[in-house]
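Asker:
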Amino acid sequence: MKAGEVSLTRFLSQTDTQFVIPVYQRNYDWAIAQCKVLLNDILEAGKDEDITAHFIGSVVFVHDELYSSSGMCELSIIDGQQRLTTVTILYIALYDYAKNHEYHEMAERIFETYLINKFSKNEEKLKLRPTENNDKAIKYLIDGDFDNFDTDLSRIYENFQFFRNSIKSDNFDIILRGLDKLMFVEVSLDRHKDNPQRIFESLNSTGLDLSQADLIRNYILMSLNREEQTRIYERYWAVIEKLAKDETTNTSLVSAFVRDYLTLVTKKIPNKGAVYEGFKNKFPTTNTVKLESALANLKGYAHHYNKLINPANEKNLLIRLNLNYIKRLEINVCYPFLVQVYEDYEGGAIDAGEFVSVLDLVQSFSWRRFLVGLGTNALNRIFMTLYADVDLEHYVSSLEIALLKKSGNQKFPRDSEMKAVLREKDIYNIKSKNRVYLLERLENHNNKEYVRVDGNTDITIEHIFPKNPSEKWSDDLALSEFEEIKEKYLNSLANLTLSGNNGSLGNKSFLEKKNMNVDGKEQGYIYSRIWLNRYLADIEEWNIKNLESRFDVLWERFLEIWKLPKPVNYNDDSDEINIFDITETQGEKIDYASFLGDRLVVSSIGELYQKIISGLYTRYPDKFKLNGVINRIQITKSKVLSRRAIRLSDKHYYEANISNNQIVSRVKYLLELCEHEEDLYIKWKNTSVESTIENYSLLD
500 MKAGEVSLTR FLSQTDTQFV IPVYQRNYDW AIAQCKVLLN DILEAGKDED
550 ITAHFIGSVV FVHDELYSSS GMCELSIIDG QQRLTTVTIL YIALYDYAKN
600 HEYHEMAERI FETYLINKFS KNEEKLKLRP TENNDKAIKY LIDGDFDNFD
650 TDLSRIYENF QFFRNSIKSD NFDIILRGLD KLMFVEVSLD RHKDNPQRIF
700 ESLNSTGLDL SQADLIRNYI LMSLNREEQT RIYERYWAVI EKLAKDETTN
750 TSLVSAFVRD YLTLVTKKIP NKGAVYEGFK NKFPTTNTVK LESALANLKG
800 YAHHYNKLIN PANEKNLLIR LNLNYIKRLE INVCYPFLVQ VYEDYEGGAI
850 DAGEFVSVLD LVQSFSWRRF LVGLGTNALN RIFMTLYADV DLEHYVSSLE
900 IALLKKSGNQ KFPRDSEMKA VLREKDIYNI KSKNRVYLLE RLENHNNKEY
950 VRVDGNTDIT IEHIFPKNPS EKWSDDLALS EFEEIKEKYL NSLANLTLSG
1000 NNGSLGNKSF LEKKNMNVDG KEQGYIYSRI WLNRYLADIE EWNIKNLESR
1050 FDVLWERFLE IWKLPKPVNY NDDSDEINIF DITETQGEKI DYASFLGDRL
1100 VVSSIGELYQ KIISGLYTRY PDKFKLNGVI NRIQITKSKV LSRRAIRLSD
1150 KHYYEANISN NQIVSRVKYL LELCEHEEDL YIKWKNTSVE STIENYSLLD
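To convert, count from 1 in the sequence shown and add 499; that's the working numbering.
1. Helix, strand or coil for Thr705, going by three-state DSSP, please let me know.
2. Which residue's Cα is closest to the Cα of Leu678: Ile818, Ile550 and Ile641?
3. Just tell me which of Ala801, Gly772 and Asn749 has its CA closest to the CA of Tyr735.
4. According to the neighbour-count rule (16 or more other Cβ atoms, all chains shown, within 10 Å of its Cβ), is His1175 buried or exposed?
5. Beta strand (DSSP E) containing Cys572: first to last residue?
6. Going by C-alpha distance, which of Val857, Glu813 and Asp1051 is nearest Leu891?
7. Does the count of Cβ pairs from the segment 984-1002 and the segment 955-967 closer than 8 Å reach three?
8. With DSSP as the reference, label Glu805 as helix, strand or coil.
9. Taking contact to mean 3 or more Cβ pairs, one atom from each stretch, closer than 8 Å, check whether the segment 853-868 and the segment 828-837 are in contact.
10. Is it the case that the segment 1154-1171 contacts the segment 1058-1068, given that we only count it when at least three CB pairs across the two stretches are under 8 Å?
11. Straight-line CA distance for Ser1113 to Ser906?
12. Here's a check: name, in chain order, each residue in its chain whose Cβ is nearer than 6 Å to the Cβ of Lys680, leaving out the five neighbours to either side.
13. Which runs of the beta strand (DSSP E) at least 3 residues long sit entirely within the segment 734-781? Give them in chain order.
14. List in chain order: all unbroken alpha helix (DSSP H) runs of 4+ residues lying wholly within the segment 1092-1147.
15. Measuring straight from C-alpha to C-alpha, what distance separates Leu1172 and Tyr1180?
16. Would you kindly check if the distance between the Cβ of Lys789 and the Cβ of Phe782 is under 8 Å?
17. In terms of alpha-carbon separation, which member of Glu853, Ser751, Ile929 and Asn796 lies closest to Gly872?
18. Could you tell me which of Val861, Ser792 and Tyr1024 sits nearest to Leu997, measuring between CA atoms?
19. Can you check whether the CB of Phe518 is closer than 8 Å to the CB of Lys626?
20. Tell whether a beta-carbon distance below 8 Å holds between Val950 and Ile1029.
21. Per the DSSP calculation, Val684 is bridged to which residue(s)?
22. Can you tell me whether Ser1148 sits near the ligand FAD, meaning its C-beta is under 7 Å from at least one heavy atom of the ligand?
23. Is Asp1090 helix, strand or coil by DSSP?
24. Use the C-beta contact count for Asp1018: other C-beta atoms within 10 angstroms, 16 or more gives buried, fewer gives exposed.
25. Please name the residue, chosen from Lys1122, Ile1078, Asn1126 and Arg758, that lies closest to Lys1182 on a Cα-to-Cα basis.
26. Tell me whether Trp1041 sits in a helix, a strand or coil according to DSSP, three-state version.
27. Is Tyr1069 buried or exposed, if buried means 16 or more other CB atoms sit within 10 Å of its CB?
28. Report the rounded CA-to-CA distance for Lys617 versus Met571, giving the unit in angstroms.
29. Return the CA-CA distance between Gln513 and Glu573, expressed in angstroms with no decimal places.
30. Using only alpha-carbon positions, find the residue among Ala712, Met917, Asn658 and Asn955 that is nearest to Val935.
31. Helix, strand or coil, according to DSSP, for Trp866 in the structure here?
32. Taking 8 Å as the cut-off, decide whether the C-beta atoms of Val952 and Glu942 are in contact.
33. Can you check which of these residues, Thr1082, Leu1031 and Ile1081, is closest to Phe1057 by C-alpha distance?
34. Please specify which runs of the beta strand (DSSP E), each continuous and at least 3 residues long, are wholly inside the segment 963-998, giving them in chain order.
35. Does the beta-carbon distance from Leu797 to Ile739 come in below 8 Å?
36. Between the Cα of Leu885 and the Cα atoms of Asp672, Ile768, Cys833 and Lys667, which residue gives the shortest distance?
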C-alpha cells in the first residue's frame, strides 16, 4: 500500500490513465444537496487567496497491470467514486460553458486534460469509466446529447444541470481556481500484496452509508479480475438486485433478502447489521466454486422472493390475493419458509390449491396470535425451522400438525381462547392496516363481488353505537345497557361495520341509521349491499342481546376464514406440556422430560433442574458469566457459601436448595436467555392411577 497527499487536478490529468468504477460499486447516488456543499467549498477556496489547499477525503484504488494491447493504465476505484464522478460532472459543465461562451482554448484544455485520453482508442477515450448506465450518461453529456437521457440516468443529469445553472461569468475562473486547490489522500493498493476488501470495510468516507447488500456485493466481486467481475455481476448479482426490489416503492430489499436466505441455510437469524458478516462467514471467497453455487441458489430463490414482495407478479389469482394479505400484515418473518414452499410449488411438488392452503395456514396462525396478544419474536424461530416438518406426501397436514403442537409462547391459539378475546378486544384502536385487514376479509369471504377496503376513501369504519352518542341513544337503552356498551363493547368487533356514508350516519340513533334515505340517496343499513350490514338491516334496535348475536354471526365467519386446523390422525390432547405452560408443580411427579429432542430420565423437578443447567452450560458457557445469570442462579466459587451446592464447573457451584416453583422460574429464565423456549417438555406421571393400583394391592 502507498499513500500520500495529491492534488485532484494532478490526479485527473494523468495521461493514458483510466479511472474505472468496478461493476460491484453501487450506482452514482449523490444528490443536489451534496453537490451544493462541494461547489460551495470550491467557491470558497477559489475566492480566498489565503486558502492554499482544501482536503476532500481519500481516493482508494487498485493499481492493475497495464493493458498489453494499448498500454493504458487502469486504476480500479474502490473508494471515492462519488466524489470523482461529481467532479467530472462539474468539469463537463465547465467545458459546456466554455464552448458556449467562446472560451475555445479553455474548453479544449478542460476536455483534453480532465475528461479524455486524447490519443486513446474510442472505448478508452473517457478518463472516468463508471458502470454501464453512468458511462452512457457521461458520454451523452460530453457530446452535448441531452435528448437521449432516460429516467435511469436522471441523477447525473440533474447534477449536471445544477452545475450548469450555477456557472456564471463572474465565478467561472473562481471555480477553476478552487478545483486547483482540492487535495485528497491517494491510497494505492496492489491486488497481490494488499487486501482491498479489508481496507474497503474500514473506510467511511463515501458520504453515504453502505448497506449490508453493498458490502456483500463488493465482497463477492472485489477479489475477481475485471472480466470475472462483469460475468458474475451480470449473471447473478444484477439479477438479484432487480428481483429483490419492492416495485411499488422502488425500494431495494437485497439486504433483507440475503438475511432471509442466511436464516434459511444456517437456521440462525443474523442481526440486521450483521448480514454481511454472516454471509462472509458462510461463503468464503477463497472457494469460488462454492460461492458461485451459493449465488446461483440465491438467484433461484430471488425469483420467488420477488413475488412475495410484489404479489402482482404472481399469475394465479388466489395465490396473489393471499400474498397481498401476508404483505399487508407485514409477516415478513415467514419469507424464509415461504420461498421454500414457493420452490415446491414452482417445481410441481404441490399444486396451487395446496399452496393457497399453506398461505391460509400462515395467516390463521399469525393472525390468531396477534389478536390474543402473543409476542411476534417467537415467529422468527417458528418459521425459521418450520419447513423441516414438511412431509411431501401429506404437505399441508404435516405443517398443520407441526403448528398445532407448538405450545407456550409459540402456541396456535385455540377457538375457546380466541372467542373470549375477540368478544371484547378493542379492534378499532389496533393498527389501521390490521383493522382494515380484519374487516375486509370478513366482508369478502365467499362474496362474488370483491369490496376493496384498503386504500378505498369511499368506505370507512363505522361505530354502530357511536363514540359520541346522541340523547336518543340514552332514551332507547336502559342505563345499564347504555353504560355497558359504551365501556365494554364500543370498539369491539360486534360494534363495528363498514359504510360509505359514515359522515351522514354520525351519532344518530340506530333506527335513524338503519332507515336513512335523505334525498333518496339510501344511506341506511337496509339499503347497504355490504355483507357486514346485512344483520343490522333485519333488527329494530341495538342492544346487548343483538350485539352479542351479531358477534356470534361474525365469529362463525371468523372460524371459516382463520381456521384452526383439524388434520386427520392428530390427537390434540398431548400428554407432554411445555415448561412455559406450567403454573403449579405441587404434588406432581415427572414421568420423563424431553429437551432438544432428547428424552431425559428424571423423576423430580430437582433432577430436571440439574440436567437442564448442565446441558445449557455445556452449550453456552459464556452465558453463565453474565452478572444477571450469576445472581439469578446463585453461582459461587465456594461450595461453603451454598446450602446445597451442585458443581457447575471446576471452579463454580450453584445453589440447588430452592423450591420447585423457583426451579421452574429459573429454568424458564435460562431457556429464554438461550432462546430454547420451545425445547423443553414434561410428561407428568398419572398419580391418580398409581394411587388406585396401590389401594388395590393393600386390599389384597
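Where a beta carbon is used, it is the ideal one built from N, C-alpha and C, also for glycine.
Answerer: This is what the structure gives:
1. Note that Thr705 scores a pLDDT of 41, beneath 50, so its modelled location is shaky and nothing firm can be said.
2. Measuring from the Cα of Leu678, the nearest candidate turns out to be Ile550.
3. Closest option to Tyr735, Cα to Cα, is Ala801.
4. With 16 or more other Cβ atoms inside 10 Å of its own Cβ, His1175 counts as buried.
5. First-last of the beta strand (DSSP E) with Cys572: Cys572 to Asp578.
6. Checking every option, the nearest Cα to that of Leu891 belongs to Val857.
7. Taking 8 Å as the limit for Cβ pairs, the verdict is that the segment 955-967 does touch the segment 984-1002.
8. As written in the sequence, residue 805 is Asn, which differs from the Glu given in the question. Looking at Asn805 - three-state DSSP - the assignment turns out to be helix.
9. These segments touch.
10. Contact between the segment 1058-1068 and the segment 1154-1171 is absent, because fewer than three Cβ pairs lie under 8 Å.
11. The alpha-carbon separation between Ser1113 and Ser906 amounts to approximately 24 Å.
12. Excluding positions up to five away in sequence, the list reads Ala544, Ala552 and His553.
13. Listed in chain order, nothing qualifies, since the segment 734-781 has no complete beta strand (DSSP E) run of 3 or more residues.
14. Taken in chain order, the complete alpha helix (DSSP H) segments of 4 residues or longer contained in the segment 1092-1147 are 1104-1118 and 1126-1132.
15. Inter-residue distance for Leu1172 and Tyr1180 is about 17 Å (C-alpha atoms, whole angstroms).
16. Contact: yes.
17. If you compare the alpha carbons of Glu853, Ser751, Ile929 and Asn796 with that of Gly872, the shortest gap goes to Ile929.
18. The shortest C-alpha separation from Leu997 is found at Tyr1024.
19. In this structure, Phe518 lies closer than 8 Å to Lys626 by Cβ.
20. Contact flag set, yes.
21. Bridge partners of Val684: Glu504 and Ser557.
22. The model on display carries no ligand, and the ligand FAD is accordingly not part of it.
23. Three-state DSSP puts Asp1090 in a strand.
24. So Asp1018 counts as exposed.
25. Nearest C-alpha to Lys1182: Ile1078.
26. Looking at Trp1041 - three-state DSSP - the assignment turns out to be coil, as it is neither helix nor strand.
27. By the neighbour-count rule (16 or more Cβ atoms within 10 Å), Tyr1069 is not buried but exposed.
28. Near 12 Å, if we compare the C-alpha coordinates of Met571 and Lys617.
29. Gln513 and Glu573 have their C-alpha atoms some 11 Å from each other.
30. When each option's Cα is compared against that of Val935, the closest is Asn955.
31. If DSSP states are grouped into helix, strand and coil, Trp866 belongs with the helices.
32. The answer is yes: Cβ separation under 8 Å.
33. The option with the nearest alpha carbon to Phe1057 is Leu1031.
34. Counting only runs of 3 or more, we get 995-998.
35. Ile739 sits close to Leu797, with the two beta carbons spaced by under 8 Å.
36. The shortest Cα separation from Leu885 among Asp672, Ile768, Cys833 and Lys667 belongs to Cys833.
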